[in-house]
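Residue numbers (this note's numbering), protein chains in the order written: chain A, 78 to 729; chain B, 6 to 480; chain C, 242 to 546; chain D, 10 to 226. Don't be surprised by glycine CBs; every beta carbon is placed ideally from N, CA and C. In this text, all values refer to a predicted model and were calculated from it rather than measured experimentally.
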Amino acid sequence: MDTFFLSLAVIVCGGVLPLVMHRHFTIMKAGCCVLIAAGCMLGLFDALSLLLHPAVAATYTLPWLHIFTLSFQMDSISAFFLVPIFLISPLAVLYSFHYMEKPEQSFRTAINYFFNAILIVSMALVACADNIPTFALAWEIMSISSYFLVVYDYQNKDTRQAGYLYFIFAQGGAMFLFAAFALIYSYTGSFAFTGFAAIPDTVKLVVFVLAFIGFGSKAGIFPLHIWLPYAHPAAPSHISAVMSGVMIKMGIYGIIRIYALLAVPSMIFGQIVLIVGMVTGVLGVVYALGNQDVKKLLAYSSVENIGIILIGLGVGMIGVATGTDAMAFFGFAGAFMHVFNHSIFKSLLFMGAGAVLHKAKTRSIDQLGGLLKRMPVTGRTFLIGSLAISGLPPFSGFIGEFLIYYASFQGIHLQRTAFILSALAIISLAVIGGLATACFTKVVGLAFLGEPRTDKAAHASEVGFSMQLTMIFLAAACLLIGVLPEPFVRLAFKGIADLPLLGSYNPDIFIDILRNIAKTAALFIALFLVVSLFRKLLYWRKEVSAGPTWGCGFTRPTVRMQYTGTSYAASMIDFYRPFVPVKTLYSGIRKIFPGQTTYHTEVIDVAETNMHEKIVRPLFKLLQMLHWIQHGHIQLYIGYIVLTIVVMLLFL
Amino acid sequence: MLELVFLIPLFAGIMATFLPVKLGRVILVITALLHVQLTGMCWLKISAPMFDDYFRATPEGTLVLLVTSFIFLFISIYSVSYMRETEMENEHVFIGCMLFFLAAMSMVTMADHLIVLWIAIEATTLVSAPLIFVHRSKEALEATWKYVLICSVGIALALLGSFFITLSMDIGQVDVPLAFSALQAVAANLDPVWLKAGFVFVVIGYGTKMGLAPMHTWLPDAHSESPSPASALLSGALLNCAFLGVYKTHTLLYAAGLGTYSSNVLIVFGLVSMSVAAVFIMNQTDYKRMLAYSSIENMGIIAFGIAIGGLGTYGAMLHLIHHSLIKSSLFLSSGNILLGYGTKLISKTGNMAKLLPKTFLAFFAGFAGISGFPPFGIFISELLIIIGAFRSGRFVSIGIFIFCLILIFAGAARLVMRMSFAQHDEDILVQEKMLRILPSYALLLTSAILCVWLPESLYQTIINAITAIGGGLNG
Amino acid sequence: MESIVSFCFAILAAPLLSAIIMKVKAYIAGRKGPPILIKYYTLAKLFKKGSVYSTSSSFVFKLGPVVSFCSVVMVLLFFPFAGIKPLLSFHGDVIILLYLMGLGRFFTIIAALDTASPFEGMGAAREAYFSTLAEATLFVILLLFYRLNGSFSFAAFFTGTTAINLWSPAASLLLLVIVALFVVLLTENSRVPVDDPATHLELTMIHEVMILDHSGPDLALIELGAYLKLFFYSAFITCLLYPFQLDNVYLNGLIFYGIMGMIYVLVGITESIMARYKMNLVPKFILTSFALVFFATILTMEFVK
Amino acid sequence: MIQLSDAILSLVLLSVLLSLSSNRLMGLVRIMAFQGILVSLVPLFLDQHQGIGAGSILFLQIMILIKGILIPGFMYIAVNKVKMRTEVEPFVGYHASLFTGLAFIVISAYITERLNISLPGGHALLLITAITTMASGLFLLMARRKAITQVIGYLMMENGIYLVGAALAKESHTQYVVEFGVLLDLLVGVMIMGIVLHNINSAFDDVDTALLGRLKD
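Below is the structure:
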């Protein structure tokens, strides 16, 4: 693991450098980018070499504070999760080179780089932690460093609120994790991860549920997702990219890890994960559809994708429980694959959204439009990212979803519960896929196509070179994985190699299918080229003229008459109404000659409102009521003491 | 001679009271330095007690003494600068009382005799009272009054408790000196009923001083109204001393086979304290009060941790060290904030990150530390306490414990973020000075270092301190 | 060889069959109707023309027709017509094909949005909405088929000894499936009662409004794609109805296309006797199909032990 | 001797009841002085303190000095100096207070009965007195408005605790250095309270604890 630690050291240096050199703005950024990129490449190399040449899992231990050891182990699961960490993070840092362009905020930028580096390191450490204290330590460092990244723009009230919400969820989730670990310790008496399998099965269930809540609050499962749509828009875009693309995956990693460690082939785990995954996926995408804030929409879309990943995991777990090797194998592999894919296209999309925000100064879809012509690279890469995230071939998103479909179809032959759950998994995947298409056609179609709805959008221009470069790279990766999926899927297969309970399944049949998929994708592209050529021929030497859009008889259409995101989604949202209430603010028409009226609709997150109305508000009320305890009268204070004596003597 | 540890500050205090202020400041810092050395000697067992009927260097006492001495050094440096800034009226009294306070606290840590312990703890109350009302504002007077009266009443009850323990000796036909170390050996012969009764009164008595709810009522007032160095001392050192009284009695009960009873009592007090802290930290309007309630919470955590045994006890001892370091640092920062904004109201502060960047760093780091984030030690101690509580099978208690932690974190985070980041248009009254910042940093840094590297001898001291109640790593 | 012929024939026959619907509607309305080759004429005319592009639109607008056309052609490449092995087939092809159709839809929608026309946006929203529902139905049908026959490709569904058709043991379930598929056919191809392609009010259209701005060869590609899509869905249903496989390829083909023709006639009749649903009733209509197949799937718990 | 000790204890009880029903501050202070002296004398008449050595005699004198003269004297000065109104101003009325005091006696008698411990010498009355004194002290702390009455309540409680100590502890534990330390604490405590009271009075123009209710949440 020496290479691994070396890479982390380089990354930390990359983080500290800006703090030292913050007076030289550009040099600081460049130095930081180079160092972090170098460190990440080194780490990526290490992780990949471990994945590709499976050896005995590398370990490293270090005594800590006399009673603990800091223990690290890099097995295939860790190595697989390290890949997105070391792949996306340097790209995000590179992206930030042109994104963070306020020399007057040099020191704050330096701090941002510092915590960015710490975040990368802590995520890597989470992935490699091999005992309770190590994991908890890395996890907490990850939480706090990401918190500072979120509140970068702290003058903004929304940012502060977002940071607060995130902070609470991070720490609350950590508490659940600690509880889960502590419960395990109470049976094993050891901090090591290795003994987890030995505890009684009923306890395992409790441990799993606690850990699932803890990890889920980081990953963003429904209803613990509510910090995501606040934190992601608040953070700078390269941070959103890392958080959404990589950091929330650490929650998924945790779920996988705890499942692997508990090693219990019980159906109930799969049921929990699968059902939560379905709810998360469907509601996530519906909320995404209902939101008009690009980054908020992307945050909800992350929730949706976490749902898809959880469906994969759940299917895998059911496969393990029912002894259906293929189902288990492909379920997990699909989840892994989707983790990898999502990290790529989601960071791409966030970077695209960041570029838009950077130039058009707004995140609201209803104020954008026509950006494709003004920001050609951003627009095209965003389009590719949207296609990938909608799971459409020949782009990367499809591969992961296909694996999960494939796994779920393996469960169709099972009986009763397993069958119904597999069927539901397939249906929800289909629904999610359809809605994701609707959602991203909305973003692409309304934000990037058509005419700009506001001046801000009209005056947007293409972003800086480093931002373009990263987006092009990621977009290319989306296409590459879609067209040549085999090496990447093999990587996912390698990734799950160290999962216990999987049995030895030979995925060769599937590799054939995969090659066929690649061929189909290639064929499609070929066909597309042929038809395009054909189309070119048809237009050869023909009159092609330009004119205004046909306004259906309306002679003076304005840009404000374009369809808005709100109306685009309205009927679909309506379909899911009980789960997705819509708040409408309409000033109405009062006078005979009505003045200006306003109409505003907003999709309400049921999880958020219910948590607020049913839990937080009453709790606050109760706490406020209890404030009379400290009323200031010394006589009664002494009365408290007397009362305590009396009570204590009664219980003597 | 062990007694020098409290005699030297005593004489220094007398000198400082009557000498000119400028000399007094020098005496303060020099005494603090000297005290650290004496503490070191005591820790390394170089000095032996002269009156060994009354005093003894127990591991737990040494531990508390170490912490007290260490933070006193930094607080004294801070207060020199602070006093210069605030132009205090009776500064020589303030300096004198700080030294007396140090003397009294050192005496508490060394006391072995039941009644001597009581005397010392009562003495800490009396000599710290002037520290609180040094500003003589109405609020400060009120706080002092409540502090003195409630603590005196509480501690009087502890005296009653000590008498009950004496009685349990008589009934159990035990004839040994009335000292914890002696009683420890013969604890099994003590009369259980009176021992328990004694414990109840001692816990209520010293618990009042320690800030255990519902006897905590003086604490937020006193901590918020006293000048910040005094608050830091109260919170970082005094509460530990009171805790020592509770802890020693708990040890006695454990040795007598009544550990379950005393543990349950401490757990209840610990959880009630945490709940009360949670109630008041949420929607708090005054940042010093917030810190004060956080002290109540942390004392609750320590009581809880001590009670659950095993790893939890180790965690509680670590918690004691780190809480003192971090909380005193927080109070010192709060002094800077008070100087900077001229108000204790959270709603009238804001944008510390820009206006008081150095203080912001210390304050926010302290907040992160007190909330259990690495690289500060409370992360480890809380983890250990949670693990220990599960290990001992107290699932309901730990549920409440965790719930309170989350609530308190939620409450405090909101306020701290408000102070750090919110809009604030007015200018700062008093700029930061390095002399008032460095002590905070030093204390935080110590906590961070102790989270990475714990000296072997300190580790041994902690282990020795907790073996008496079956604490340790194998529990 | 057979496969290539079959594929080419399918592509060539699709416009003809679409014309049948018009003919049937005209017949029921008591008119003579257009010539049976009307669709070929239309296509030929469109291919010859040039285009006018909106100043609002970008390259996406031009991409839309091509991608949607390609995606349908891809599907036909994998579909067995009249029991003849398709050109390509592999285990699992159905999923990628359905998703390719999704890709086509994606581009149709964004091409519509690219024109900045409020009407086209409206149509796009409806298209996106209804297809999410129809897609769910299709996937349930797939999993039902998978449960019945264990295969995962169109070729394996409808050819060979374990082919799924109305004469297999689970016929009662397939009846439900056929009804559901018919609903999906109407939805996906924007027929009455979901959509009325013949209406003159853009506000009420779905598919037609999305292609308002396309003209010339682009429109031709879209039209051809639409014929092929309808052809695919009809063939899908036909395969379920298609009872037996004779040794004679030509006879097979004849029967197959005969049944196909009947389905087109049925669509025509439906269009003639039904009115378009109100827009908010359409989801219920599609959901009915979903409910039917879901019910059928649950019933397999009895059939497949 | 036993009768004498009982007589003293009865006097202590009487002083407690008097203090509960007293409505003058000066009266209260005098009662406290009286009670302090009585309480100091109690050990002298107890069985287990057989051998009265030179140390105990000296200590007795110091105790009488502190409890009977210094502390009440100090409070006398405080009352005079702050020129407070001489009304006690109770939350609970004098008659009710008196009855409460009587109830305390009954309850402490019951508790003493229940405890049934083999007290050295069977000083049931001593214990009854001690508990009553303590309880009444706490009662005064809670039921009176004036800050100075709270000091008196505290002193009374302290007296009660001392009585318990005297009643329960064997002589062998009595170490005069330690006891002197306790007394010193008490003295300094009262002095500090006096100083604070003085400051409160100059800041608020009154020592009514109702004014001391600003610090709250």
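Leaving out five residues before and five after residue i in sequence, what residues of the same chain have Cβ atoms less than 7 Å from its Cβ?
i	result
M72 of chain D	S49, L192
S173 of chain B	L195, D196, W199, L200, G203
N32 of chain D	E96, V97, Y103
Less than 8 Å between the C-beta atoms of residue i and residue j, yes or no?
i	j	result
L159 of chain A	T211 of chain A	no
E368 of chain C	V433 of chain C	no
A430 of chain A	M344 of chain A	no
S296 of chain B	L335 of chain B	Just to set this straight, residue 296 of chain B is Leu in the shown sequence, not Ser. Yes. Within cutoff.
A408 of chain A	V392 of chain A	At residue 408 of chain A the sequence reads Gly, which differs from the Ala that was named. Taking 8 Å as the Cβ cut-off, G408 of chain A and V392 of chain A qualify as a contacting pair.
F459 of chain A	V362 of chain A	no
A261 of chain B	A193 of chain B	yes
L104 of chain B	P219 of chain B	no
L455 of chain B	I82 of chain B	no
S309 of chain C	T349 of chain C	yes
P470 of chain A	F601 of chain A	yes
F185 of chain B	L119 of chain B	yes
A206 of chain A	Y294 of chain C	no
Please go through the same chain and pick out, in chain order, the residues whose beta-carbon is closer than 6 Å to the beta-carbon of residue i, but skip the five residues on each side of it.
i	result
F520 of chain B	Outside the displayed range of chain B (6 to 480) lies residue 520 of chain B, so it cannot be described from this structure.
L257 of chain B	L188, A192
H143 of chain A	none
A235 of chain B	L136
L209 of chain D	Contrary to the premise, residue 209 of chain D reads as Ile rather than Leu in this sequence. Hits under 6 Å: V216.
Tell me which residues share the same chain as residue i and place their Cβ nearer than 8 Å to its Cβ, disregarding the 5 neighbours each side in the sequence.
i	result
E8 of chain B	P54, M55, F56, F60, M115
(message) Check whether the segment 132–151 of chain D and the segment 159–173 of chain D are in contact - that is, three or more C-beta pairs closer than 8 Å.
(response) yes
(request) Give the residues from the segment 199–213 of chain D that approach chain B closer than 7 Å (Cβ to any Cβ), ordered along the chain. (result) Within the segment 199–213 of chain D, the residues whose Cβ lies closer than 7 Å to some Cβ of chain B are I201, M202, V205, N208, I209, A212, F213, listed in chain order.
(message) Closer than 7 Å between beta carbons: that is the criterion. Which residues of the segment 135–153 of chain D meet it against chain B?
(response) For chain B, the residues of the segment 135–153 of chain D that bring a beta carbon within less than 7 Å of one of its beta carbons are L150, in chain order.
(message) Any C-beta of chain B within less than 8 Å: which residues of the segment 216–229 of chain A qualify?
(response) E217, I218, S220, I221, V228
(request) Could I get the ranges of all uninterrupted alpha helix (DSSP H) runs contained in the segment 328–405 of chain C, with 4 residues as the minimum, in chain order? (result) 334–354, 359–390, 395–399
(message) Under 8 Å: do the segment 715–729 of chain A and the segment 301–310 of chain B share three or more Cβ pairs, one atom per stretch?
(response) no
(request) Counting only runs of 3+ residues fully inside the segment 590–635 of chain A, write out the beta strand (DSSP E) ranges in chain order. (result) Complete beta strand (DSSP E) runs here, min 3: 621–624.
(message) List, from N- to C-terminal side, the alpha helix (DSSP H) runs of 4 residues or more that fit wholly inside the segment 432–467 of chain A.
(response) 448–451, 453–466
(request) Check each residue of the segment 332–346 of chain C: if its Cβ is closer than 9 Å to any Cβ of chain A, include it; give the result in chain order. (result) Listed by position along the chain: H332, G333, D334, I336, I337, L338, L339, Y340, L341, G343, L344, R346.
(message) Going residue by residue through the segment 142–201 of chain B, where are the continuous alpha helix (DSSP H) segments of at least 4 residues, counting only ones entirely within it?
(response) 143–176, 185–191
(request) Taking only beta carbons into account, state which residues of the segment 454–472 of chain C come closer than 9 Å to chain A, listed in chain order. (result) If the cut-off is 9 Å between Cβ atoms, the segment 454–472 of chain C has D454, G457, P458, D459, A461, L462 near chain A.
(message) Would the segment 467–479 of chain A count as touching the segment 555–567 of chain A if we require 3 or more Cβ pairs under 8 Å?
(response) yes
(message) For the pair the segment 392–400 of chain B and the segment 684–698 of chain A, tell me if three or more CB-CB distances fall below 8 Å.
(response) no
(message) As an exercise, report each continuous beta strand (DSSP E) stretch of at least 3 residues that is fully enclosed by the segment 158–221 of chain D, in chain order.
(response) none
(message) Short of 8 Å Cβ to Cβ, which residues in the segment 94–124 of chain B face chain D?
(response) H118, I120, V121, W123, I124
(request) Below 8 Å between beta carbons is the criterion; list the residues of the segment 428–444 of chain B that meet it against any residue of chain D, in chain order. (result) none
(request) Please name the residues in the segment 513–545 of chain A whose beta-carbon is closer than 7 Å to at least one beta-carbon of chain C, in chain order. (result) T514, A515, T518, V521, G522, L523, L526, G527, E528
(request) Count the CB pairs spanning the segment 326–344 of chain B and the segment 225–235 of chain B that are closer than 8 Å, and state whether there are at least three. (result) For the pair of segments examined, the segment 326–344 of chain B was found to touch the segment 225–235 of chain B: the number of CB pairs separated by less than 8 Å reaches three.
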